[in-house]
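In this text, residue positions in the sequence shown follow my numbering: the first is 1284, and each later residue adds one. Heads up, the beta-carbon is just placed ideally off N, CA and C, and yes, glycines get one too. All values derive from a computational prediction rather than experimental measurement.
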Amino acid sequence: MDDRRTDQAVEIADDWAGYALELFTYPDHYHGDVESVYIPHGVIMNRIECLARDILDDLGHDNLMVLCVLKGGYKFCADLVDSVKAQSRSFDHPITTRVEFIRLKSYLNDCSTEDLHIIGPEDLSMLTGKAIVDTGRTMKMLLQHVEKFQPRTVRVASLLLKRIPGGAMTLPDYIGFIIPNRFVVGYALDYNEYFRDLNHICVISETGKLKYKL
């Protein structure tokens, strides 16, 4: 991945096993269900602060609408918006932010945005927030949808970009971490609706996959 956006991201090596679980606290009911803490919550928050600073450098002159991709992206979007707002208070004119929520199902080619109303798009920058990008299908569909509103600027922020063969051809504009092709959960990323309550991003164990298999 030879691109300015990936150069600015934190890249995690394929052989990184993660931190030992005993170094962290996590819900007891997930004991044995995760292998390791892959990205600690504090590291996530630090990286989000850096992304917020980059976003303000690029878009700080505009009002900002943030489209949060549910469900996995809600924690990332909430923390990212909080950091953008906090850092913008040092401006002479703090930016105005507005958050809307969007559901995307790439496998159904469905985009549920019936309640999305955008006023004055020509005066608005749009930032879409996703927790993770792998194949890039949902991101492509999302961009096709929001471009219909003709905003001044459209940017995509993703906390994670998964490094997989034949991965996303179009990269997010802001990337938190580039990770190997491992099944990660936590920080609102789920496995069959479990693990969203983990603060850290963890690698799910085979025991966890079997336990919560549908």
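Using only alpha-carbon positions, find the residue among the options that is nearest to residue i.
i, options, result
"L1426", "D1362, C1351 and D1316", "C1351"
"L1481", "A1292, P1323, A1296 and G1301", "P1323"
"I1234", "R1330, F1478, I1487 and F1466", "The question about residue 1234 has no answer, for the chain in this structure spans 1284 to 1497."
"F1384", "A1361, E1476, D1337 and H1483", "A1361"
"N1329", "S1408, S1366, V1317 and D1456", "S1366"
"T1379", "Y1477, N1346 and Y1321", "N1346"
"S1476", "E1489, P1463 and K1494", "Note that residue 1476 is Glu in the sequence shown here, rather than Ser. Comparing Cα-Cα distances from E1476 to each of E1489, P1463 and K1494, the minimum goes to K1494."
"V1486", "G1315, S1319 and L1442", "S1319"
"E1332", "A1440, L1454 and I1484", "A1440"
"L1342", "V1317, P1377 and G1315", "P1377"
"Y1357", "L1442, L1334 and D1340", "L1442"
"K1368", "R1386, L1339, L1353 and F1359", "L1339"
Whole angstroms is fine: what's the gap from residue i's alpha carbon to residue j's?
i, j, result
"L1363", "T1411", "11 Å"
"H1344", "S1373", "13 Å"
"I1415", "L1444", "6 Å"
"R1336", "I1295", "22 Å"
"Y1474", "D1375", "44 Å"
"Q1291", "I1458", "8 Å"
"K1492", "S1371", "42 Å"
"M1424", "K1496", "28 Å"
"G1355", "P1434", "25 Å"
"V1382", "E1489", "36 Å"
"F1478", "Y1313", "8 Å"
"W1299", "V1326", "15 Å"
"H1483", "Y1321", "8 Å"
"R1386", "K1413", "11 Å"
"D1297", "M1422", "24 Å"
"P1463", "V1293", "12 Å"
"Y1390", "T1453", "Model confidence at Y1390 stands at a pLDDT of 36, short of 50, so the residue's coordinates are unreliable and nothing is read from them."
"G1449", "F1460", "18 Å"
Give me the DSSP bridge partner(s) of residue i.
i, result
"G1469", "L1472"
"G1355", "DSSP, once it has assigned bridges, lists no residue as partnering G1355."
"V1413", "According to the sequence provided, residue 1413 is Lys. The question's Val does not apply to it. DSSP lists S1441 as partners of K1413."
"V1349", "V1382 and L1410"
"V1498", "Outside the displayed span of the chain (1284 to 1497) sits residue 1498, for which this structure offers no information."
"Y1302", "V1320"
"V1293", "F1460"
Counting only beta-carbon atoms, is residue i nearer than 8 Å to chain C?
i, result
"K1496", "Protein chains in the displayed structure number just one, and chain C is not present."
Quick one: which unbroken alpha helix (DSSP H) runs of 4-plus residues sit fully inside the region 1417 to 1493? Chain order, please. Listed in chain order, they are 1420 to 1429.
Stretch pair the region 1468 to 1480 + the region 1299 to 1307: three plus CB contacts closer than 8 Å: Output reads no: the region 1299 to 1307 does not touch the region 1468 to 1480.
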